[in-house]
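Asker:
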Amino acid sequence: MAVAVQHNRRQPVSTRAAGAGDEVTTRLTEWVEPVVAAAGYDLEELVVRPAGQRSVVRVVVDRDAGVSLDDVAQVSRALSERLDAEDEALGRSPYVLEVTSPGVDRPLTLPRHWRRNVGRLVTVAVGPEKAREQVTSRVVRIEDDGVVLTVEKGGTKKGQVRRTVGERTVPWAELGEARVQVEFTRPAGHRDAALVYEADEHETDEHEDDTDTDDELDDDELSDDELDDEPDGPEGTDDDEHHPTRASAAGAAGGPGDRVPAAPRGTHGRDQEEQK
């Protein structure tokens, strides 16, 4: 998910690629990180890349409870106000601010990354730095001295099912590159599992009870004589008649589900004055 807002920026910089002595990079991080923290999130990444005559400032945020689209919009507005206040220092070239949550392919490099993925299946290199082995395990829990992973066997051939036979604690120092594996079904208890609604068994039973059987439908059906006694509609009309005029008017007004393009957010006032 991402929300983009247009602002002004002088030169592309990156907190990952630029050196620690980069004054502009340090200043930008000093502005962004407190705003993100005040909103209750962690600044995971800040990267600026050139895009034609402007730059894209990409800010990645996350927290233990997860990030929703409304959350991203909230942080984006707060950052927009902060960067607008520092416009003189940033320069006058246009840029796009993009606030987003981490993708599933984000590597797990910090303890909080592991904590937020408890219950997930991960592929990780474990062991001493010069003798690490690649394993695929599920994250059980996080402890002070490392990560507890499942020990699994089987599944080496197509169609075989892997089974958990135990647990192992891997010290932080023996954790190498790790990435979350995509699963079509979220594990129970994971923070993303709550996004999937599943009907309870009693709800299904109640729904089935509300459904008429064929016999009940037959009892409710009107006889031919009763149908003949039903009052007709207004003279010259048909219940199934199509009204193209009404349909056209409804279509022109925009029905449910029609997407109305949002008006682009205005550029800074100085840009408008320059255009004049």
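In the UniProt record's numbering, the protein residues as written are 1 to 276.
Glycine included, every Cβ here is placed at the ideal spot set by N, Cα and C.
The model shown is predicted, which means the values in this text are computed figures rather than measured ones.
Residue 97 lies in the beta strand (DSSP E); which residues open and close that run?
Answerer: Run containing residue 97: 94-100, per the beta strand (DSSP E) assignment.
Asker: Between residue 134 and residue 53, what straight-line distance do the alpha-carbon atoms span, to the nearest angstrom?
Answerer: Those two C-alpha atoms are separated by around 43 Å.
Asker: Which value, in whole angstroms, describes the spacing of the CA atoms of residue 179 and residue 108?
Answerer: Distance between the alpha carbons of residue 179 and residue 108: 6 Å.
Asker: Using a 10 Å radius around the Cβ and a threshold of 16 neighbouring Cβ atoms, would you call residue 170 buried or exposed?
Answerer: When all chains shown are included, residue 170 counts as buried.
Asker: Taking the Cβ atom as the reference point for each residue, do residue 61 and residue 43 lie within a distance shorter than 8 Å?
Answerer: Yes, they are a contact pair.
Asker: Among residues of its own chain, excluding the 5 on either side of residue 167, which ones have a beta-carbon nearer than 8 Å to its beta-carbon?
Answerer: For residue 167, where only same-chain residues beyond five positions count, the Cβ hits under 8 Å are 140, 148, 149, 150, 151.
Asker: If I follow the unbroken alpha helix (DSSP H) through residue 80, where does it start and stop?
Answerer: Looking at the DSSP string, the run of the alpha helix (DSSP H) that includes residue 80 is 69-85.
Asker: Under three-state DSSP, which class holds residue 173?
Answerer: Correct three-state label for residue 173: helix.
Asker: Under the three-state reduction of DSSP, which class applies to residue 104: helix, strand or coil?
Answerer: In this structure, residue 104 counts as coil in the three-state DSSP scheme.
Asker: Should residue 116 go down as buried or exposed, given a rule of 16 or more other Cβ atoms within 10 Å for buried?
Answerer: Classification for residue 116: buried.
Asker: Does DSSP put residue 111 in a helix, in a strand, or in coil?
Answerer: Helix, per DSSP.
Asker: Please list, in chain order, all residues of the same chain as residue 165 whose beta carbon is under 6 Å from its beta carbon, the five residues on each side excluded.
Answerer: Excluding positions up to five away in sequence, the list reads 151, 153.
Asker: Mark residue 138 as exposed unless 16 or more other C-beta atoms lie within 10 angstroms of its C-beta, in which case mark it buried.
Answerer: Buried, since its Cβ has 16 or more Cβ neighbours within 10 Å.
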